[in-house]
Every structure is written in structure tokens, then in C-alpha cells.
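Using the working numbering, the letters of the sequence shown map in sequence onto residues 508 to 824. Only one structure is covered here, and it is reproduced in the block below.
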Amino acid sequence: MSTQTIDHSPIQAAPPSVATSASHIVPSPTFKQEFNKHPFLFQHNLANHPLFTLDRLLTLALETREKRPQELYYDAGHNVPIGARWSEMGDRPPLEEAFERIQDTGSWITIHQAQRDPAYAQVFYDCMREFEAQTGKDFKKMMRVEDALIFITSPNRTTTYHIDRECNFLLQIAGAKTIYMFDQRDKDVVPETELEKFWAVDKNAGTYKPQLQERATPYRLVPGNGIHIPINDPHWLQNDNNVSISLSVNFTLKDSERANIYRANYFLRKAGMKPAPPFTSPLKDGLKNAMMMSSYVPARSAIRTIRKLRGQETRTS
């Protein structure tokens, strides 16, 4: 399948003195047509922005490690398999070394909640407002948790196959890479059992199937463009022979019905039943949602609170 690209002239980075009302996202009718339905490419003007230099990002990473260590994740490894699990990564160097030797450490660094820093918050919320305007959606009414997530990736590093529960706009800032997107509606690629396990007990439940790789659509990411990733669409990324820096503007939805139906189906299947997929029976879906709201959700909330108090709540995807 041919790689999806956007033909455009280079977009110049906005200087630090640009007013906060400046536009970051290039308008397109595709936002309204395809939001949270299908992946699509778009353009932005944040390429080579001064907040996204390696020196500035190291400062942000060190501050994050000191104040919110659970919001910082990184690993290192060369020739990482597409289907590798997060727990299978090798030993990692000290954070400072991962940045200083980013060219050869095989590092994959992620900084969550970058909007806690006022400078990054300005960019993040500007982008959020523009995405709202482009999609015609009121994100404040839709979202439960927002996250400005920054990825810094070593040359030739693979980001392994996974699915996300967040609605995501991924902006390529520096370097180039290819993202391979799969369609969650293809049940050979994403069986119901995988989605059930993903929402119920295992964020790493998505399993890469090499024999189905030809069903993926490759999208080329270069400085000045980005891609919208709908919730639960599987994907993996291959970095070029360059350092890649990307900003993910994402959020989880307040609408918990889909998650609760998958969770209920997971437990029903464990009990030997064959539950109907979500959205095939409003009555059954309502009963499943009510069941999870009265049992699973309070239990998970209590566990999450305990983990946060112990400093164990770490997100890696």
C-alpha cells in the first residue's frame, strides 16, 4: 500500500515572540469529516519551535523527574521488535546520558503532562482550542483527562505495536518517521477478545500479527505535519536515521460506556459465555454499563488512588 503524505511547502517555525493567539494548526475540512473515525494527516506550524530543542526538553525532563517522576518514562534498545512488550526493553542509561547520547542509545523518551510547565501549557491549550474549532467539538464536555505528551526518539528506533485509549493528535516537530496504522474494525487485526482484555486488565493487550502487516496504511510524518489517531486504532512507528521529536495532544473521553461494555464482556467471556460485541443491543449494553459502574469502576478508582499515594502510577502509552 502506498504511503500517505501531504504535499506542502515548508512551514516556518513561529518565533518565541509570536502572540499567543497565533494559529498553530492549518485548517482543513477533514477534521470534521474524520475526527475519531479514521486516521488523517494535517499540517501545523510548530516545526523546529524553540520549546522543542533537545536542551529545552532535557530541562523539562529533569523537572518532571524531580516533581512528577510517574509522568516520565524512557527505555533504550536497538533492533526493538515491532511486537515487543513494554516489559521486554533492555537496561536504560541515566536520563542525562539518554539525551546527551540520543544519537546512539536507542532511546525512546516520553514526557507526560508537559502542560504543567507554563510555556508548554500555552502551546498545548492553543492547539486544543484550534482542534476544537476544526472538529466542531467541545472537548471540555467530552474529555476526562488531558495530556501534552512529548516523544524524543533515537535514530532508527521502533515504537512497538500498541493501541491507545486516548484520542490523539500527533504533531511531528523534528526528524522524520513512518507510522503504520491499522483499522480497529478489522477483526482479524483486532479481535473482540483483545479489546476486552485491553479495557479490562491489560493496556498492552494489542498483539502484532506480522502476517497482516500488509493491511496497515503507512503515513509519512515530517516536520510540519501530523496525524490524527482515533481511539483503539492499532499502530506502530519506525523512526528514520534521525532524532525524532513529536508532540501528542491527546485526551481520554468521559464517555465510559464503550470501555464498560468491553470490560463486562471480558468478565462474561471468562465465565464461559459468548457476549455480544458493543453497540449491537442497546438493552444489553445498558445492563453491562450499569454492572461495571457499580462494581469495576469504584474498585479501579480505589486501586488507582492507592498507587498514586505510593508513587506507583506510571503510564507508558
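The C-beta atom is built at its ideal place from N, Cα and C for all residues, glycine as well.
Are residue i and residue j close, meaning C-beta to C-beta below 9 Å?
{"i": "Pro789", "j": "Ala771", "result": "no"}
{"i": "Gly613", "j": "Tyr668", "result": "no"}
{"i": "Phe758", "j": "Met649", "result": "yes"}
{"i": "Ile532", "j": "Phe658", "result": "no"}
{"i": "Phe559", "j": "His735", "result": "no"}
{"i": "Gly731", "j": "His551", "result": "yes"}
{"i": "Leu602", "j": "Leu569", "result": "yes"}
{"i": "Leu760", "j": "Arg608", "result": "no"}
{"i": "Glu703", "j": "Tyr773", "result": "yes"}
{"i": "Leu728", "j": "Lys684", "result": "yes"}
{"i": "Arg776", "j": "Thr700", "result": "yes"}
{"i": "Ile680", "j": "Ile752", "result": "yes"}
{"i": "Val708", "j": "Pro741", "result": "no"}
{"i": "Ser535", "j": "Phe549", "result": "yes"}
{"i": "Ile618", "j": "Leu677", "result": "no"}
Bridge partners of residue i, per DSSP?
{"i": "His742", "result": "His669, Met688"}
{"i": "Pro725", "result": "Tyr687"}
{"i": "Asn732", "result": "Gln550"}
{"i": "Phe676", "result": "His735, Val756"}
{"i": "Met650", "result": "Leu760"}
{"i": "Trp615", "result": "Asp582, Thr660"}
{"i": "Gly597", "result": "Ala583"}
{"i": "Ser801", "result": "None, per the DSSP bridge assignment."}
{"i": "Ile532", "result": "His551"}
{"i": "Ala655", "result": "Val756"}
{"i": "Ser751", "result": "Thr660"}
{"i": "Ala681", "result": "Ile752"}
For residue i, is the classification buried or exposed, using 16 other Cβ atoms within 10 angstroms of its Cβ as the cut-off for buried?
{"i": "Trp593", "result": "exposed"}
{"i": "Phe547", "result": "buried"}
{"i": "Pro523", "result": "Any reading at Pro523 needs caution, since the residue's pLDDT is 38, under 50, leaving its predicted position unreliable; the model's value is listed next. Burial call: exposed."}
{"i": "Ser528", "result": "With a pLDDT of 46 at Ser528, under the threshold of 50, the modelled position of that residue is not reliable, and the figure given next carries that caveat. Its Cβ having fewer than 16 others within 10 Å, Ser528 is exposed."}
{"i": "Pro588", "result": "exposed"}
{"i": "Leu719", "result": "exposed"}
{"i": "Gly584", "result": "buried"}
{"i": "Thr512", "result": "exposed"}
{"i": "Thr510", "result": "exposed"}
{"i": "Asn675", "result": "buried"}
{"i": "Ala554", "result": "buried"}
{"i": "Glu578", "result": "buried"}
{"i": "Asp624", "result": "buried"}
{"i": "Leu794", "result": "exposed"}
{"i": "Gln641", "result": "buried"}
{"i": "Asp562", "result": "exposed"}
{"i": "Met457", "result": "Residue 457 lies beyond the residue range present for the chain, which begins at 508 and ends at 824; the question has no answer from this structure."}
{"i": "Asp582", "result": "buried"}
{"i": "Pro800", "result": "Rather than Pro, the amino acid found at residue 800 in this sequence is Met. By the 10 Å Cβ count, Met800 comes out exposed."}
{"i": "Asp598", "result": "exposed"}
{"i": "Asp645", "result": "exposed"}
Rounded to the nearest angstrom, how far is the Cβ of residue i from that of residue j, given a contact under 8 Å?
{"i": "Met780", "j": "Tyr726", "result": "Not a contact, Cβ separation roughly 39 Å."}
{"i": "Phe606", "j": "Ala621", "result": "In fact, because the Cβ distance is near 15 Å, the residues do not count as touching under 8 Å."}
{"i": "Gln610", "j": "Val750", "result": "7 Å"}
{"i": "Gly713", "j": "Ile670", "result": "4 Å"}
{"i": "Asn767", "j": "Asn796", "result": "5 Å"}
{"i": "Val756", "j": "Ala655", "result": "7 Å"}
Is residue i close to chain B, meaning its C-beta is less than 9 Å from at least one C-beta of that chain?
{"i": "Gly713", "result": "No chain B appears in this structure, which consists of one protein chain only."}
Query raised in the report: Three or more C-beta pairs closer than 8 Å, one from the segment 653 to 662 and one from the segment 733 to 748: is that the case here?
Result: Short answer: they touch.
Query - Inter-stretch contact at 8 Å, needing at least 3 Cβ pairs: the segment 543 to 559 / the segment 673 to 691 - result: Judged by Cβ distances under 8 Å, the segment 543 to 559 makes contact with the segment 673 to 691, as three or more pairs qualify.
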